[in-house]
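Top line first, the protein sequences correspond to chains L and F. 244 is the number that full-length UniProt numbering gives to position 244 of the first sequence; each next residue is one higher, with no gaps. 613 is the number that full-length UniProt numbering gives to position 613 of the second sequence; each next residue is one higher, with no gaps.
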Amino acid sequence: MKLKLKIWRQKNAVDAGGMVSYDLEGVSTDMSFLEMLDTLNEKLIMEGEDPVAFDHDCREGICGSCGVVINGDAHGPEQTTTCQLHMRSFKDGEEIIIEPWRAAPFPVIKDLVVDRGAFDRIIGAGGYITAPTGSSPEGNSTRIPKPDADAAFANATCIGCGACVAACPNGSASLFVSAKVTHLNLLPQGQPERTTRVLDMVEQMDAEGFGGCTNTGMCTVSCPKEIPFTSIANLNKEYRRAVQQSNKA
Amino acid sequence: MTDQTMVGEGEFYSVGGPLADDKAPDGEIQTRWERRKFASKLVNPANRRKHKVIVVGTGLAGGAAGASLAEQGYHVVQFCFQDSPRRAHSIAAQGGINAAKNYRNDGDSIYRLFYDTVKGGDFRGRESNIYRLAENSVKIIDQCVAQGVPFAREYSGLLDTRSFGGVQVQRTFYARGQTGQQLLIGAYQALSKQIDAGNVEMHARHEMLDLIIVDGRARGIVARNLVTGELSTHLGDAVVLATGGYGNVFYLSTNAKGSNTSAIWRAHRRGAYFGNPCYTQIHPTCIPRSGDHQSKLTLMSESLRNDGRIWVPKKHGDNRPAAQIPEDERDYYLERIYPAFGNLVPRDIASRAAKNVCDEGRGVGPGGQGVYLDFADAIKRMGEPAVREKYGNLFDMYARITSENPYKQPMRIYPAVHYTMGGLWVDYDLQTTIPGLFAAGEANFSDHGANRLGASALMQGLSDGYFILPTVLNNYIGSQKFAPVAADAPEVTEVETLVKERIDKLLSINGDRTVDSFHRELGQIMWDYCGMARNDAGLRKAISEIRQLREEFWKRVRVPGTGAELNQSLEKANRVADFIELGELMCIDALMREESCGGHFREESQTADGEAERQDDKFSFVAAWEYAGEGRFGGTQEPVLHKEDLIFDYVHPAQRTYA
Ligand SMILES: Cc1cc2nc3c(=O)[nH]c(=O)nc-3n(C[C@H](O)[C@H](O)[C@H](O)COP(=O)(O)OP(=O)(O)OC[C@H]3O[C@@H](n4cnc5c(N)ncnc54)[C@H](O)[C@@H]3O)c2cc1C
Ligand code: SF4
Ligand code: FES
Chain L
1 MKLKLKIWRQ KNAVDAGGMV SYDLEGVSTD MSFLEMLDTL NEKLIMEGED
51 PVAFDHDCRE GICGSCGVVI NGDAHGPEQT TTCQLHMRSF KDGEEIIIEP
101 WRAAPFPVIK DLVVDRGAFD RIIGAGGYIT APTGSSPEGN STRIPKPDAD
151 AAFANATCIG CGACVAACPN GSASLFVSAK VTHLNLLPQG QPERTTRVLD
201 MVEQMDAEGF GGCTNTGMCT VSCPKEIPFT SIANLNKEYR RAVQQSNKA
Chain F
1 MTDQTMVGEG EFYSVGGPLA DDKAPDGEIQ TRWERRKFAS KLVNPANRRK
51 HKVIVVGTGL AGGAAGASLA EQGYHVVQFC FQDSPRRAHS IAAQGGINAA
101 KNYRNDGDSI YRLFYDTVKG GDFRGRESNI YRLAENSVKI IDQCVAQGVP
151 FAREYSGLLD TRSFGGVQVQ RTFYARGQTG QQLLIGAYQA LSKQIDAGNV
201 EMHARHEMLD LIIVDGRARG IVARNLVTGE LSTHLGDAVV LATGGYGNVF
251 YLSTNAKGSN TSAIWRAHRR GAYFGNPCYT QIHPTCIPRS GDHQSKLTLM
301 SESLRNDGRI WVPKKHGDNR PAAQIPEDER DYYLERIYPA FGNLVPRDIA
351 SRAAKNVCDE GRGVGPGGQG VYLDFADAIK RMGEPAVREK YGNLFDMYAR
401 ITSENPYKQP MRIYPAVHYT MGGLWVDYDL QTTIPGLFAA GEANFSDHGA
451 NRLGASALMQ GLSDGYFILP TVLNNYIGSQ KFAPVAADAP EVTEVETLVK
501 ERIDKLLSIN GDRTVDSFHR ELGQIMWDYC GMARNDAGLR KAISEIRQLR
551 EEFWKRVRVP GTGAELNQSL EKANRVADFI ELGELMCIDA LMREESCGGH
601 FREESQTADG EAERQDDKFS FVAAWEYAGE GRFGGTQEPV LHKEDLIFDY
651 VHPAQRTYA
């Protein structure tokens with residue numbers, strides 16, 4: 001197939017950047033979206049141009065490195081990661097507009113590459129269960145009801161890609177934060193830090209400049225791991241509970 | 001070991017003195033690690049903060065080590081090339097992690113896990129290390145549960161387990177098809193807490209490009225900031241390399257695109273011996289390639305072999321759709337040849353069997369490079385919802401990539417490069433031949449001998465990171481004095497200059513071929529001659545082709561852009577240059593080892609029924625290769641082979657049988 005690509009090119013963090021058009025031929029429907037970009041880059045290099053920079057690593061939908069906005073949708077038309085999107089989802093001759101995640105807390109580094117360090121700092125603020133190596137009891141000493149374990153797992157599958165932020169008109173990180181809070185606060189091991197966890201993570205989220213949640217639901221439809229919208233409701237519940245607890249204390 | 005001349009000696013390499021691991025205590029195997037720990041020096045908690053430990057890598061091994069060392073009080077300086085420590089390649093592990101918990105009461109024990117691993121590795125691993133690994137496996141599960149890793153559970157609320165290839169007990173713990181992700185996120189969260197507390201100085205988007213050695217000890221690294229291109233030097237008291245495996249030397253593999261050999265290869269060039277470089281694991285169940293554009297291969301977890309049945313048509317060239325091939329015209333070849341283990345034979349055996357049936361012309365799918373993995377019986381037996389519950393995400397991934405529905409038609413699979421058992425040679429303390437330089441996880445030559453059992457890499461990475469490195473680093477740091485290294489010491493500036501010169505050189509060639517085109521060509525040579533089956537003539541051919549390729553590379557590669565910016569072509573060029581040198585050493589190692597063992601199959605050494613045949617009298621050793629300097633081909637000089645004899649006090653080498 002033949003494609004008309006319009007790609008955001010930006011040399012570095014301070015460059016203004018802009019859209020550039022490219023024609024690309026010889027794209028196979030079996031290619032992944034990133035293999036299509038590889039093909040473009042091989043061509044650009046041979047033509048003496050700078051290849052398009054984009055983040056990727058596992059190409060299996062699990063590391064969370066990849067992610068671009070395709071024709072206005074974070075990760076493109078299917079509910080999956082950019083690396084797991086295949087060209088069979090596009091039509092021959094189609095124009096495809098490719099942009100980086102747009103959100104103030106995710107500044108562009110180059111072309112389609114953005115800085116998502118804010119997510120790491122939110123986890124560092126409280127997204128963990130303190131369990132220093134060597135201090136752990138026998139694994140089966142605490143039973144966890146299967147429904148709780150399954151729900152914790154479902155939320156723990158978040159890959160930290162940032163599509164939820166890119167899709168949200170407010171640039172909110174609520175889905176990402178709610179997934180981690182729900183995962184850890186559901187588990188018996190997570191109880192001692194239940195209150196501080198949610199307070200510290202939300203405080204860091206606000207400090208990073210993410211917007212507030214107004215229930216547009218754009219995040220869940222873009223989330224490749226289908227983190228449920230109910231997790232955000234749970235985050236709000238956990239937050240209110242934590243505020244009450246800390247007022248009491 | 002008797003002194004016999006080895007094939008290729010004098011032509012491709014020379015043989016140096018023997019090597020011994022003098023750190024493992026002898027005597028009763030059950031207490032070796034306990035005794036080693038007790039004999040280890042300790043460092044006063046108040047003094048630990050004064051010691052800087054450099055950890056390169058944030059996968060299971062590096063992530064676990066960084067967090068645990070920081071918890072102990074060390075000042076950790078840590079690196080990864082991705083934008084976040086959470087994205088290390090360990091994240092992609094699917095199937096599970098072994099532990100000798102014996103929760104099933106099915107006869108498992110530490111000793112059995114030890115036994116299975118020695119045997120699974122085809123008697124080419126070290127008993128002391130393997131026993132310690134089995135011992136630590138039990139504590140790993142406890143540690144991960146405490147961190148909130150959401151392992152699969154039964155309705156009773158207890159931890160669930162399943163079976164993996166090469167064993168007859170159910171000891172594999174898992175979190176649906178995302179075990180690596182969940183374990184890594186556990187380690188990453190522990191590490192993040194330490195970063196937030198200021199105990200770990202984290203440098204993401206940084207790539208280690210060289211090692212600094214002062215007075216014979218590893219004291220630092222030179223890294224490139226992948227965003228700005230800036231080169232920086234980081235000095236400390238010890239360096240840990242936990243940089244993963246080098247399967248990407250084959251270009252197409254199941255590894256993440258960025259996985260590379262550069263950190264360990266540069267350390268090798270500075271004096272660290274490389275152990276068993278040719279031991280490569282080719283995984284039997286991967287999605288076959290779909291065309292020339294293919295950039296990587298996708299694994300379908302081995303756990304699928306619990307319920308999926310592998311078959312090909314009995315007739316050659318039978319290209320009817322699977323559903324139209326009647327039961328009695330199907331050959332469930334693993335069940336036929338290996339009735340005791342059936343579809344759960346070890347990986348090397350399953351891969352070779354697939355290659356054999358495809359070579360016979362009975363392969364399925366485009367190009368005949370595939371076999372069926374069929375769930376029809378499982379769906380009949382357990383119902384579709386149960387199959388979905390167990391394997392749903394793998395089935396989805398398969399459907400997305402192939403646009404075929406595996407609930408309705410069998411999957412097509414083919415072997416692909418997956419894991420490298422080789423790596424930097426380390427002693428029992430995980431120390432390389434350079435004092436102060438430690439290697440952990442897939443980066444070391446590890447505990448898996450010539451073939452790794454499924455679900456054992458995660459176990460090894462976490463055992464190294466959580467439990468072994470903290471002890472052995474205490475011992476190393478507690479037994480020496482460390483004079484500060486000046487930033488302008490000649491040992492430092494010399495390395496900085498070399499790194500810079502190499503980058504400048506790569507950028508200046510401005511030839512007519514892209515980095516990827518060289519990488520693909522290298523991969524093809526490796527796959528053709530150093531892949532699932534190897535022979536003398538092929539390996540010699542590969543060595544000469546790789547030497548030519550290296551010359552071409554340094555004349556014709558085109559790396560656009562500059563060194564002072566985010567430049568992904570330059571990153572790749574740095575890595576591919578190292579892969580080319582490593583590829584040559586792998587072929588030399590494979591040529592030297594004229595036996596078959598585990599994943600290393602030499603066509604000249606097979607039994608009458610085509611199984612791998614070891615030659616214990618000649619090859620019961622670890623091959624530890626010493627770098628010998630720049631050679632007359634512009635690359636490496638003939639390397640020097642040092643043999644570490646393998647001694648089996650407990651599990652006596654026998655021909656592996658899974659029939
Ligand atoms: C698809 C797949 C599925 C698997 N499934 C299983 C399974 O079910 N069970 C099992 O036991 N094993 C499995 N394995 C194997 C296992 O995942 C790996 O062996 C293991 O995770 C390796 O961990 P590691 O910590 O050694 O390295 P990695 O996780 O590869 O981490 C390497 C780290 O080093 C960093 N790094 C590398 N080079 C440099 C450099 N030059 N400079 C700076 N940083 C650098 C990277 O950024 C990264 O942080 C699987 C492997 C694959 C490919
Ligand atoms: S919640 Fe979903 S979209 Fe947001 S970071 Fe996690 S996986 Fe990505
Ligand atoms: S590259 Fe890892 S999720 Fe896409």
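Heads up, the beta-carbon is just placed ideally off N, CA and C, and yes, glycines get one too.
Does DSSP put L:Cys219 in a helix, in a strand, or in coil? helix
Could you tell me if F:Arg632 is buried or exposed, where buried requires 16 or more neighbouring beta carbons within 10 angstroms of its beta carbon? Note that F:Arg632 scores a pLDDT of 45, beneath 50, so its modelled location is shaky and nothing firm can be said.
Can you tell me which residues form a DSSP beta bridge with F:Tyr414? F:Cys286
Compute the minimum distance between the beta carbon of L:Gly117 and the heavy atoms of ligand 1, and state whether it is under 6 Å. no
Does the distance from the C-beta atom of residue 745 of chain F to that of F:Glu603 stay below 7 Å? Nothing can be reported for residue 745 of chain F: it is not among the residues displayed for chain F, which extend from 1 to 659.
Let me confirm a value: residue 251 of chain L is counted as buried when at least 16 other C-beta atoms fall within 10 Å, else exposed. Which label applies? Nothing can be reported for residue 251 of chain L, as the shown portion of chain L is limited to 1 through 249.
Report buried or exposed for residue 308 of chain L, applying the criterion of at least 16 other Cβ atoms within 10 angstroms of its Cβ. Past the boundaries of the shown model lies residue 308 of chain L; chain L is included only from 1 to 249, so the question cannot be answered.
Between F:Gly423 and F:Phe445, is the Cβ-Cβ spacing less than 7 Å? yes
State yes or no: is the C-beta of F:Leu646 within less than 7 Å of the C-beta of F:Ser605? No; because the gap between Cβ atoms is not below 7 Å, this pair is not in contact.
Look up F:Arg632 in the DSSP assignment and say whether it is helix, strand or coil. A caution first: F:Arg632 carries a pLDDT of 45, below 50, which makes its placement in the model unreliable, though a value can still be read off. Coil, per DSSP.
Does the distance from the CB of F:Ala187 to the CB of F:Val53 come in under 7 Å? no
Could you name each continuous beta strand (DSSP E) segment of 3 residues or more that falls completely within the region 108-182 of chain L, going from the start of the chain to the end? 108-110
Just to confirm, does L:Arg59 get its C-beta within under 6 Å of one of the non-hydrogen atoms of ligand 3? Remark: the C-beta of L:Arg59 is in contact range of ligand 3, defined as less than 6 Å to any heavy atom.
Interface positions of the region 53-82 of chain F facing chain L (Cβ-Cβ less than 8 Å), listed along the chain: Here the close residues are Ala64, Ala67, Ser68, Glu71, Gln82.
Is it the case that the CB of L:Asn152 approaches a heavy atom of ligand 2 more closely than 6 Å? Looking at the sequence provided, one finds Ala at residue 152 of chain L rather than Asn. Not so, every heavy atom of ligand 2 lies at least 6 Å from the Cβ.
Apply the 10 Å Cβ neighbour rule to F:Met1 and answer buried if 16 or more other Cβ atoms are within range, or exposed otherwise. For F:Met1, the predicted structure reports a pLDDT of 49, less than 50, and the residue's modelled location is therefore unreliable. The matter cannot be settled from this model.
Between F:Ile91 and L:Cys63, is the Cβ-Cβ spacing less than 7 Å? yes
Hey, which unbroken runs of the alpha helix (DSSP H) at 4 residues or more fall wholly within the region 287-353 of chain F? 333-337, all fully within the region 287-353 of chain F.
Using a Cβ distance threshold of 8 Å, determine whether the region 206-222 of chain L contacts the region 99-106 of chain L, with at least three qualifying pairs required. yes
With 16 as the cutoff for other CB atoms within 10 Å, does F:Tyr131 come out buried or exposed? buried
Through-space distance from F:Arg153 to F:Phe467, alpha-carbon basis: 25 Å
Please give me, in chain order, every unbroken run of the beta strand (DSSP E) with length at least 3 that falls completely inside the region 539-627 of chain F. 621-626
To the nearest angstrom, how far is the alpha carbon of F:Gly244 from that of F:Ile434? 19 Å
May I have the straight-line CA-CA distance separating F:Gly365 from F:Arg412, to the nearest angstrom? Straight-line Cα distance between these residues: approximately 7 Å.
F:Arg217: first and last residue of the uninterrupted beta strand (DSSP E) it sits in: 217-225
Under 9 Å Cβ-Cβ, which residues of chain L neighbour F:Gly271? In chain order: nothing, as chain L lies at least about 30 Å away.
Considering only C-alpha positions, which residue in the set L:Thr214, L:Glu203, L:His183 is nearest to L:Asn234? L:His183
Determine the DSSP secondary structure at F:His448, reduced to helix, strand or coil. coil
Hey, how far is the Cα of F:Gln568 from the Cα of F:Thr514? 12 Å
Could you pull the start and end residues of the alpha helix (DSSP H) that F:Val499 belongs to? Per DSSP, F:Val499 belongs to the alpha helix (DSSP H) from 490-509.
Determine, using beta carbons only, whether F:Val371 comes closer than 7 Å to chain L. no
Straight-line CA distance for F:Arg289 to F:Gly610? 27 Å
Nonlocal neighbours in the same chain, by C-beta distance under 6 Å from F:Ala204, ignoring five residues either side: Cys80, Asp83, Ser84
For the putative contact between F:Asn343 and F:Arg381, defined by C-beta atoms under 8 Å, what is the C-beta separation to the nearest angstrom? Not confirmed; about 14 Å, so no contact.
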